[in-house]
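All letters in the sequence shown, in the order written, are residues 323 to 667 by the working numbering. Everything below concerns the one structure shown next.
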Amino acid sequence: MTTESRLDERKLDVLRAIVQDYVATREPVGSKALVERHNIGVSPATIRNEMAALEDEGYIHQPHTSAGRVPTDKGYRLFVDRLSQVKPLSAPEKRAIHSFLDGAVDLDDVVARTVRLLAQITQQVAVVQYPSLSRSAVRHVELVPLAPSRIMLVLITDTGRVEQRIVDTGAAISEQTVADVRARLNAEVGGRRLGDVPTQLADFAERFSPEDRGWIAALTATLLDAVVEQREERIVMAGTANLARFRHDFPDTVYPVLEALEEQVVLLRLFGEAQSGLTVRIGHENAHEGLVSTSVVSSGYGRGERGEDVVAHLGVLGPTRMDYPGMMGAVTAVAAYVGRILAET
Numbered sequence: 323m324t325t326e327s328r329l330d331e332r333k334l335d336v337l338r339a340i341v342q343d344y345v346a347t348r349e350p351v352g353s354k355a356l357v358e359r360h361n362i363g364v365s366p367a368t369i370r371n372e373m374a375a376l377e378d379e380g381y382i383h384q385p386h387t388s389a390g391r392v393p394t395d396k397g398y399r400l401f402v403d404r405l406s407q408v409k410p411l412s413a414p415e416k417r418a419i420h421s422f423l424d425g426a427v428d429l430d431d432v433v434a435r436t437v438r439l440l441a442q443i444t445q446q447v448a449v450v451q452y453p454s455l456s457r458s459a460v461r462h463v464e465l466v467p468l469a470p471s472r473i474m475l476v477l478i479t480d481t482g483r484v485e486q487r488i489v490d491t492g493a494a495i496s497e498q499t500v501a502d503v504r505a506r507l508n509a510e511v512g513g514r515r516l517g518d519v520p521t522q523l524a525d526f527a528e529r530f531s532p533e534d535r536g537w538i539a540a541l542t543a544t545l546l547d548a549v550v551e552q553r554e555e556r557i558v559m560a561g562t563a564n565l566a567r568f569r570h571d572f573p574d575t576v577y578p579v580l581e582a583l584e585e586q587v588v589l590l591r592l593f594g595e596a597q598s599g600l601t602v603r604i605g606h607e608n609a610h611e612g613l614v615s616t617s618v619v620s621s622g623y624g625r626g627e628r629g630e631d632v633v634a635h636l637g638v639l640g641p642t643r644m645d646y647p648g649m650m651g652a653v654t655a656v657a658a659y660v661g662r663i664l665a666e667t
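Right, dumping it as structure tokens:
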């Protein structure tokens, strides 16, 4: 190991200690505190030199004269990028995820439970994006005869969405005919992206006998209506009140953050720019002016049946002074568990 690499690692040890202490105490960190609380293995004078170098390089700064140092966005970024591992969830937290999410009955329930759980575990603002219909595929189409001339159509996607519609056939339809249409319909659209369904069913009704074309055309139109409905992206939040606990971490006021959170398009844009895996955006890396004093830890969840990409994102938002290893561990664990739930739905 060269002298330069040892020096870099020593500075990184000092930065890690400053970040950990500042996150824990919200007090600027001085060299004396580092010597007392951390076994860095060098003299106080060396620590002061390393802190001066870190300040010159923009990783820490001194908020007030004669005060200790606090991390900058650049310092937090280096800290996150050089993490050797995220903080694993405790046994009680793991049990909470299992017990709280296992009882979910449908997609809406999964999303509602997930956002509440994430807010409780992290004590931050939790954000969960509904699975995007544009990334969803048809898992199955069920036709359920309700009466001789009424059929319930159930569309089930690979992302857990379930859409139900009632179709009036105008005449009695035998169960055998319904079963035949169901089988042929699933052969056409099963596994297809929702955006491909209209083209796939363009002439579907024409493939049947003239006496059945009318009600099958009505059935197809109803299915297409279910496919295209609710195409807008949706975001669910919980734990906004947690921001009050950190109000002193925001310059002047927390209101710009609250205003940004009210604009769902801002959060959707953040998620749209995120990677499918774990993503951490720190301070000024968030383009929206109202979020420059926050950090967003997010992850994709719920791969489709073909496994080519995630179907949505979830994450937490809070001040830049956050427990990054803990937030990253919680977001990763919850995203993985939600993905398994949706895969089994």
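From the three backbone atoms N, C-alpha and C, an ideal C-beta is built for every residue, glycine too.
Query raised in the report: So residue 604 packs on residue 615, CB below 8 Å; how close in whole Å?
Result: At roughly 10 Å, the Cβ-Cβ gap does not stay under 8 Å, so residue 604 and residue 615 are not in contact.
Query raised in the report: Around the Cβ of residue 656, are there at least 16 other Cβ atoms within 10 angstroms (buried) or fewer (exposed)?
Result: Looking at its Cβ environment, which holds 16 or more other Cβ atoms inside 10 Å, residue 656 is buried.
Query raised in the report: What does DSSP give as the partner residues of residue 464 in its beta bridges?
Result: Under DSSP, residue 464 forms a beta bridge with 476.
Query raised in the report: For the region 556 to 571 against the region 514 to 523, are there 3 or more C-beta pairs whose distance is under 8 Å?
Result: Result no; under three Cβ-Cβ pairs closer than 8 Å.
Query raised in the report: How is residue 333 classed by DSSP in three states: helix, strand or coil?
Result: The three-state reading of DSSP puts residue 333 in helix, counting H, G and I together.
Query raised in the report: Does the Cβ of residue 378 have 16 or more other Cβ atoms within 10 Å, making it buried, or fewer, making it exposed?
Result: Under a 10 Å Cβ-count criterion, residue 378 is classified as exposed, with fewer than 16 other Cβ atoms of the shown protein chains found around its own Cβ.
**Report entry** Exposure of residue 623, with buried meaning 16 or more beta-carbon neighbours within 10 Å
**Finding:** Looking at its Cβ environment, which holds 16 or more other Cβ atoms inside 10 Å, residue 623 is buried.
**Report entry** Per DSSP, cross-strand counterpart(s) of residue 636
**Finding:** Per DSSP, the beta bridge partners of residue 636 are 450 and 621.
Query raised in the report: Which residues does DSSP pair with residue 486 in a beta bridge?
Result: BP columns for residue 486 point to 476.
**Report entry** Nearest to residue 469 (by Cα), restricted to the options 495, 449 and 580
**Finding:** Checking every option, the nearest Cα to that of residue 469 belongs to 495.
Query raised in the report: What is the residue span of the alpha helix (DSSP H) that residue 402 lies within?
Result: 395 to 403 is the extent of the alpha helix (DSSP H) around residue 402.
Query raised in the report: If we count Cβ pairs, one from each stretch, closer than 8 Å, do we get three or more for the region 334 to 352 versus the region 380 to 387?
Result: Judged by Cβ distances under 8 Å, the region 334 to 352 makes contact with the region 380 to 387, as three or more pairs qualify.
Query raised in the report: When you compare only the Cα positions, how much space is there between residue 552 and residue 546?
Result: Here the model assigns residue 552 a pLDDT of 49, short of 50, so the residue's position is not dependable, and the following value carries that caveat. Rounded to whole angstroms, residue 552 and residue 546 show a C-alpha spacing of 12 Å.
Query raised in the report: Can you tell me whether DSSP reads residue 481 as helix, strand or coil?
Result: If DSSP states are grouped into helix, strand and coil, residue 481 belongs with coil.
Report task. Select from 608, 362 and 660 the residue whose C-alpha is nearest the C-alpha of residue 639. Result -> Checked all of 608, 362 and 660; the closest Cα to residue 639 is 608.
Requested in this report: Would you tell me roughly how many angstroms separate the C-alpha atoms of residue 510 and residue 529, rounded to the nearest one?
Outcome: Each residue's alpha carbon lies about 12 Å from the other.
Requested in this report: Would you decide whether residue 415 is buried or exposed? Buried here means 16 or more other CB atoms lie within 10 Å of its CB.
Outcome: Residue 415 should be labelled buried.
**Report entry** Own chain partners of residue 560 with C-beta closer than 7 Å, once the 5 adjacent residues on each side are dropped
**Finding:** Closer than 7 Å at the Cβ level, and outside the excluded window around residue 560, lie 437, 438, 441 and 448.
Query - Neighbour-count burial assignment, residue 637, 16 or more Cβ in a 10 Å radius - result: Taking all protein chains shown into account, residue 637 has 16 or more neighbouring C-beta atoms within 10 Å of its C-beta and is therefore buried.
Report task. Reducing DSSP to helix, strand and coil, say where residue 601 ends up. Result -> DSSP places residue 601 in strand when its eight states are reduced to three.
Query - DSSP three-state assignment for residue 519, whether helix, strand or coil - result: Helix, per DSSP.
Requested in this report: Go through its chain and collect everything with a Cβ distance to residue 370's Cβ below 7 Å, but skip five positions before and after it.
Outcome: Result list for residue 370: 353, in chain order.
Query raised in the report: To the nearest angstrom, how far is it from the Cα of residue 627 to the Cα of residue 644?
Result: Only weak support exists for where residue 627 lies, its pLDDT of 45 falling under 50; the value from the coordinates is given anyway. If I take the Cα positions, the gap works out to 35 Å.
Report task. Identify every residue that forms a DSSP beta bridge with residue 532. Result -> In the DSSP output, where bridge partners are listed per residue, residue 532 has none listed.
Query - Which listed residue (422, 443, 444 and 446) has its alpha carbon closest to that of residue 435 - result: When each option's Cα is compared against that of residue 435, the closest is 422.
Report task. Go to residue 558, then tell me how far its beta strand (DSSP E) extends in each direction, as first and last residue. Result -> From DSSP, the beta strand (DSSP E) with residue 558 extends over 557 to 560.
Query raised in the report: Does the distance from the CB of residue 465 to the CB of residue 515 come in under 8 Å?
Result: Not closer than 8 Å, so no.
Report task. Return the Cβ separation of residue 493 and residue 471 in integer angstroms, given the expectation that the two are a contact with Cβ distance under 8 Å. Result -> Separation of the CB atoms of residue 493 and residue 471 is rounded to 6 Å, and the pair is thereby assigned contact status at 8 Å.
Query raised in the report: When DSSP labels each residue in this structure, what does residue 443 get in the three-state scheme?
Result: In the three-state reduction of the DSSP assignment, residue 443 falls in the helix class.
**Report entry** Reduced DSSP category for residue 408 - H, G, I as helix; E, B as strand; rest coil
**Finding:** Annotated three-state conformation of residue 408 is coil, per DSSP.
Report task. Buried or exposed for residue 587, please, with buried defined as at least 16 other CB atoms from any protein chain shown within 10 angstroms of its CB. Result -> Residue 587 comes out exposed.
Query raised in the report: Using CA coordinates, which residue listed in 487, 368 and 461 is at the minimum distance from residue 478?
Result: For residue 478, the nearest C-alpha among the options comes from 461.
Query - residue 374 to residue 654 span [Cα, whole Å] - result: Taken atom to atom, the span from the alpha-carbon of residue 374 to that of residue 654 is near 35 Å.
Requested in this report: Decide if residue 662 is buried, meaning its Cβ has at least 16 other Cβ atoms within 10 Å, or exposed.
Outcome: Its Cβ having fewer than 16 others within 10 Å, residue 662 is exposed.
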